[in-house]
Amino acid sequence: MKSKPNDAIDLDAIKWVVRLDAAPEDAHLRAAFEHWQSLGTNRRGAYIRAKAAWHALDPLMIFPAESIKPPIEGRIPRRAILAGGVGAATIAVCGAGFLFGAREEVSTPIGEIRHVPLADGSLMNVNTDSSVQVTLESGLRQIKLDKGEVWFQVAEDKERPFVVSAGPVRVRAVGTAFSIRRREEGADVLVTEGIVETWSQDDENRKTRLEAGSKVFVSDNFGPERVISVGPDIQRTLAWRDGEIALSGQSLAEAAAEFNRYNEQKLIIDPGLANEGLTGWFRTNEPQTFADAAARVLGAAVAINGNEIRVSRRDEK
Amino acid sequence: MGERADLIQWIGREILPNEGGVRAFLKRAALSPEDVDEVIQEAYCRMAGIEDYRRIENPRAYLYQVVRSILLSQVRRARVVRFDTVAELDSLGVIDSGLNPEQAVLRKDDLQRLKSLIENLPANIRQVFLLRKIDGLSQKAIAAHLNISERTVEWYSTQGLRLVLAEWAKTDKDVRRRLRDEEQTERRDRS
Chain B
17 MKSKPNDAID
27 LDAIKWVVRL
37 DAAPEDAHLR
47 AAFEHWQSLG
57 TNRRGAYIRA
67 KAAWHALDPL
77 MIFPAESIKP
87 PIEGRIPRRA
97 ILAGGVGAAT
107 IAVCGAGFLF
117 GAREEVSTPI
127 GEIRHVPLAD
137 GSLMNVNTDS
147 SVQVTLESGL
157 RQIKLDKGEV
167 WFQVAEDKER
177 PFVVSAGPVR
187 VRAVGTAFSI
197 RRREEGADVL
207 VTEGIVETWS
217 QDDENRKTRL
227 EAGSKVFVSD
237 NFGPERVISV
247 GPDIQRTLAW
257 RDGEIALSGQ
267 SLAEAAAEFN
277 RYNEQKLIID
287 PGLANEGLTG
297 WFRTNEPQTF
307 ADAAARVLGA
317 AVAINGNEIR
327 VSRRDEK
Chain R
3 MGERADLIQW
13 IGREILPNEG
23 GVRAFLKRAA
33 LSPEDVDEVI
43 QEAYCRMAGI
53 EDYRRIENPR
63 AYLYQVVRSI
73 LLSQVRRARV
83 VRFDTVAELD
93 SLGVIDSGLN
103 PEQAVLRKDD
113 LQRLKSLIEN
123 LPANIRQVFL
133 LRKIDGLSQK
143 AIAAHLNISE
153 RTVEWYSTQG
163 LRLVLAEWAK
173 TDKDVRRRLR
183 DEEQTERRDR
193 S
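Heads up: the protein sequence lines correspond to chains B and R, in order.
For the first sequence, our numbering gives the first residue as 17, with consecutive numbering after it.
For the second sequence, our numbering gives the first residue as 3, with consecutive numbering after it.
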């Protein structure tokens, strides 16, 4: 699919930076650039790199400019220069490969959390080990969650319903924010703003309306189960968006399972400790910090062996 | 996804100076030059998506983490990456978690590098750069001031930025060697 060698793309990117710097107000130029950039994520990367190098030269101010005699007419205030060419939207998404129309695919490896703006103004936070397809059509915004978890901030657009599918589970939103996590036999749906409607395709008669601050498990076969009010705990549940795991009384086994979603290095908990409760904030990618903290609190021992972190009771003396 | 000015500046300040190191590493990992370019481009693309760079305490380690993740996804795409590459990358990322004195020295080096980079540009390119960056002249005004066409100004800027990027792409070793050589020349000139 590659039409140009990468160093040629680097040169094109440099030209775009210089041209846009010369005419930041030129809408045609900007549109042409957006098109060029949308043809591949490495183009966007090359552009960002060139632009960063261009601006890295801004500290030139600190060097004495003996060769130049100010004042010169036509001077532009510095601030205006820095603001130039910033702000227009593009739909290129890194790692999504090439983009045709408004369809894109985002998948994250274990441990990566990605923040992806969509072309309609909505925002997706894609959690670890997830895979999602976005198709934006004129009458419908269709999102397919193949695995993992995503939180959506949906841009309001009454003409274009926003429908997420996870297996047979469906969630429909207009302008709202919610997360959905694919489970083995259904999906967890949690609403942070507004209202969504959710159901399973296998039983379309049983639809449930879900308000902000509540969550529900939607079974593939039997549709939504009982709605649970989450309340202030909602921020904790969504701490992953900032790369964090927030624990408030979960068992050690639950906490370990949570860390294991994000890391190749797996936590293994001694059955005797599995039910101990824990509270605290941790980074998703620091299972060892968590293990050390837990061991300290519980008077347990941590043993690391390759990709295993084992937390177990200290040997009885 | 427009580019945010402060993020771009952060990338220029914190990431760009580490590019040479990453390239050297990728080369050692037996990636083709074409693949090295692509991994670098992809890394910058991901950098542009960072939501809050202020939370990144160690940009260098972060960059290596991003490169690691790109390499892993390429493994998945059935591209060949030597396995020990990833292991080495991990150790590189770990070497300096947190700011250490060595890093503070590196920062001074970066500034020195930037300075010498500009000084070594061909004279007419340097002049255009200084007019743009220090005097804040527009391309049009520079053309009028130097009595050359706007296309020529554009060409100088393009060539200049190209040279600057080529310099950042060099490995640390190349750069240290050159800085040392320059220093020696300077000393010789003085005595």
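Ideal placement from N, C-alpha and C gives every residue a C-beta, glycine not left out.
As the structure is a computational prediction, the values presented were derived from the model and not from experiment.
Beta-carbon neighbours of B/His44, restricted to chain D and to distances below 8 Å
Structure shown: chain D not included; protein chains present are B and R.
Sort out for me which residues DSSP pairs B/Trp215 with in a bridge.
B/Arg186
Identify, in the order they occur along the chain, each residue of the same chain with its Cβ nearer than 8 Å to the Cβ of B/Ala290, setting aside the five sequence neighbours on each side.
Ser267, Leu268, Ala269
Who are the neighbours of R/Tyr66 on chain B, taking C-beta pairs under 9 Å?
Chain B residues near R/Tyr66: none, gap ~13 Å exceeds 9 Å.
Excluding sequence positions up to five away, which residues of its chain have a Cβ less than 7 Å from the Cβ of R/Pro1?
Chain R is shown from 3 up to 193; residue 1 of chain R falls before or after that span and cannot be answered.
Cross-chain neighbours of B/Lys282 in chain R, by beta carbon under 7 Å
Result: empty, since nearest Cβ-Cβ is about 16 Å, beyond 7 Å.
For B/Val313, count neighbouring Cβ atoms within 10 angstroms of its own Cβ and tell me buried if that reaches 16, exposed if not.
exposed
Please list, in chain order, the chain B residues whose beta carbon lies closer than 9 Å to that of R/Gln11.
Ala68, His71, Ala72, Asp74, Leu98
Hey, could you find the ends of the alpha helix (DSSP H) B/Ser54 is sitting in?
43 to 54
Assuming B/Val232 and B/Ile244 form a contact by the criterion Cβ under 8 Å, report the distance between their Cβ atoms to the nearest whole angstrom.
7 Å
Just tell me which of R/Trp170, R/Arg153, R/Leu139 has its CA closest to the CA of B/Lys31.
R/Arg153
If I measure Cβ to Cβ from R/Gln186 and keep anything under 8 Å in the same chain, skipping five residues before and after, which residues do I get?
none
According to DSSP, is B/Asn22 helix, strand or coil?
helix
Three-way DSSP call (helix, strand, coil) for B/Gln281 in this model
coil
Can you name, in chain order, every residue of its own chain whose Cβ lies under 7 Å from the Cβ of R/Ile120, other than the five neighbours on each side?
Arg128, Phe131
Just tell me which of R/Leu167, R/Asp37, R/Leu139 has its CA closest to the CA of R/Val155.
R/Leu139
Where does the unbroken alpha helix (DSSP H) through R/Lys142 begin, and where does it stop?
141 to 148
Flag B/His131 as yes if its beta-carbon sits less than 9 Å from any beta-carbon of chain R, otherwise no.
yes
Looking at C-beta atoms only, is the number of pairs between the segment 318 to 329 of chain B and the segment 28 to 38 of chain R that lie closer than 8 Å three or more?
no
Rounding to the nearest angstrom, what Cα-Cα distance links B/Ala66 and B/Val34 in this structure?
9 Å
Establish whether the CB of R/Thr160 and some CB of chain B are separated by less than 9 Å.
yes
Start-to-end residues for the alpha helix (DSSP H) that takes in R/Ser159:
152 to 171
Below 8 Å CB to CB, which residues in the same chain sit around B/Thr305 once its five sequence neighbours on both sides are set aside?
Phe298, Arg299
Presumed contact (8 Å Cβ cut-off) between B/Asp26 and R/Asp39, rounded CB distance
7 Å
Please report the straight-line C-alpha distance between B/Val207 and R/Asp54, rounded to a whole angstrom.
24 Å
Boundaries of the alpha helix (DSSP H) in which R/Gly241 is found, first to last residue
Summary: the structure shown does not reach residue 241 of chain R, with chain R confined to residues 3 through 193, and so no result is reported for it.
Can you tell me whether R/Gly14 is buried or exposed, with buried defined as 16 or more other CB within 10 angstroms of its CB?
buried
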